[in-house]
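Engineer:
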Amino acid sequence: MGQFPLTLGRFITGKQAARPGATGEFSNLLAQVGLVGKLIAQDLRRAGLINILGTTGEINVQGETVKKLDEIANETFLKVFDQSGLVCALASEEMDKPILFPEHWPQAKYMLLFDPLDGSSNTDCNMPLGAIFSVVKSSHKDRMPAEDDLVRKGTEQVAAGYLLYGPSTMLVYTVGQGVHGFTLDPGIGEYILSHEQVCIPARGKIYGTNEGNYHKWTAGMKKYVDYLKLPDTATGRPYSGRYSGCLVADVHRILLDGGIYLYPGELGKPEGKLRLLYEANPLAWVVEQAGGKASTGTGRILDVEPKQLHQRVPLIIGSTNDVRDAEEFIQDKREPRMSGHTREILVGPGS
Ligand code: AFP
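Last residue of the sequence shown? That's 351 in my numbering, and every number before it is there in order.
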C-alpha cells in the first residue's frame, strides 16, 4: 500500500506530541492560517466572475491604492482570528494601528502580524498572489500587550511563513525546526505535506529584482546585477531573470530552486520598499531555516532593531553564496571582472 497522505493537522499534532507541555494552542493557530488560505483561495478562484477585482478607491497606510481583494483578505484574517480567540493582537499591512483583543487575553498569548495579500498588483491579471505571517509571543504576563509589544526583532518570532496562491495553494511555515510546505488538495479541502524539510541550494541560477529601478540603485547594486548578466561558464552565469511582482511567489521559487531575490535600498530611499515586520522578517526566518541567507545588504535581516510597526527595510534573500556575493558588491568590496572567456563570448574570438 502506498503512503497515506499526511495532512497539516496530523503533521502539527505529531510535532506537538514531541514537545512535552505543548498546549495545542499553537497548532490551532497554524490551522487557522490554513483556514484563511482556503477562504481567500476560494475567492481568488472566482475573482474575475464575482466583481471583486479592481480598487476600492482608498489609499492605505503605506500610501498604496487599496484593491478590493486587499480588503477582503484583510477582513478574512480579522474574522478568522477574532472568532478563534487564539491571539490577543493583530497587525496588518493594511491597517495603520494594530487591533487588540483584550477579551482574548490572558488565555491568548500570541500576536499575529501579516500582509494579507502580497503582490496585489497581480490581482487583476490572474497572476500569483500570497500572504505572509509572523507570530510573536506577548512578553508581559501582567498586562495586555500594546502596539509597541508587536514591534519585535526577527529573532523573537515563534512561527513564520506564507500562503502562496498559484496554480495550487500552498502553506509554508517554520517554527525554528526546518521549513515544511503543504499543498491544498481542493478535492478534500486539506493541506497535504508536499515539501518536508525544504533545503535551499547553496547557489542558484536565478535572480529576481525589479530592474525598472536600475537607475535608482547604488553603484554596488548595479555592478552586482551587471555581474550576474556577464557570461561565465565557471560560475554558471548569466543567471536567468525571474520576477513576478509577488514577493511570496518570487521567494518561493528561490527557496526551492536556489538563487537570489533583491529589493534593495535606493538613492534617496535607503530603507527600500518592503516591510520589516510582516514581509522581510518572516521570509528571512523561513529562508534561514531552509539553509539560506537574508540580508539588508550590510547585515542580517533578523538582527535589525525595529522601531516602528510599518518600518521598511532593503531585502536581499536566497541562496547563501549568492547573497554573500551581493553583499560584497553592495558594500563596494568587489568589482565585476571580465575573464578572457567572457570577453570572447560577448565580442567574439580574437577581438
Ligand atoms: P503588496 O501587494 O503587499 O503591497 O506587496 C507588493 C510588494 O511589496 C511585493 O510583493 C513585491 O515583491 C513588490 O511589492 C513589488 O514591487 P514593485 O512593483 O516595486 O516591483
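Cβ atoms here follow ideal geometry from the backbone N, Cα and C, with glycine treated the same way.
Need the endpoints of the alpha helix (DSSP H) that residue 252 sits in, please.
Structural biologist: 247-257
Engineer: Count the C-beta pairs between the region 188-197 and the region 267-285 that are closer than 8 Å, then say yes if the count reaches three, no if not.
Structural biologist: no
Engineer: Assign residue 233 to one of three DSSP states: helix, strand, or coil.
Structural biologist: In this structure, DSSP gives residue 233 a helical state, which the three-state scheme calls helix.
Engineer: I need the DSSP call for residue 184, collapsed to helix, strand or coil.
Structural biologist: In this structure, residue 184 counts as strand in the three-state DSSP scheme.
Engineer: Since residue 135 and residue 157 are thought to touch, with beta carbons under 8 Å apart, how far apart are those beta carbons, to the nearest angstrom?
Structural biologist: 6 Å
Engineer: Report buried or exposed for residue 4, applying the criterion of at least 16 other Cβ atoms within 10 angstroms of its Cβ.
Structural biologist: Flag for residue 4 reads exposed.
Engineer: Let me make sure I understand the geometry here. Which of 292, 283 and 171 has the alpha-carbon closest to that of residue 11?
Structural biologist: Checking every option, the nearest Cα to that of residue 11 belongs to 171.
Engineer: Check residue 223 in the structure and name its three-state DSSP category.
Structural biologist: helix
Engineer: Would you mind listing the alpha helix (DSSP H) stretches within the region 23-66 that are 4+ residues and don't spill past its ends, in chain order?
Structural biologist: 25-45, all fully within the region 23-66.
Engineer: At what residues does the alpha helix (DSSP H) containing residue 82 begin and finish?
Structural biologist: 68-84 is the extent of the alpha helix (DSSP H) around residue 82.
Engineer: Please list, in chain order, all residues of the same chain as residue 332 whose beta carbon is under 6 Å from its beta carbon, the five residues on each side excluded.
Structural biologist: 220
Engineer: Going by beta-carbon coordinates alone, are residue 153 and residue 302 separated by less than 8 Å?
Structural biologist: Note that the C-beta distance between residue 153 and residue 302 is below 8 Å.
Engineer: On the premise that residue 193 lies in contact with residue 180, defined as a C-beta separation below 8 Å, what is that separation, rounded to the nearest angstrom?
Structural biologist: 7 Å
Engineer: Could you pull the start and end residues of the alpha helix (DSSP H) that residue 151 belongs to?
Structural biologist: Looking at the DSSP string, residue 151 is not in any alpha helix (DSSP H), and its letter there is neither H nor E.
Engineer: What are the residues that DSSP puts in a beta bridge with residue 278?
Structural biologist: According to DSSP, which records beta bridges pairwise, residue 278 is partnered with nothing at all.
Engineer: If we count the other Cβ atoms within 10 Å of its Cβ and call it buried at 16 or more, is residue 123 buried or exposed?
Structural biologist: buried
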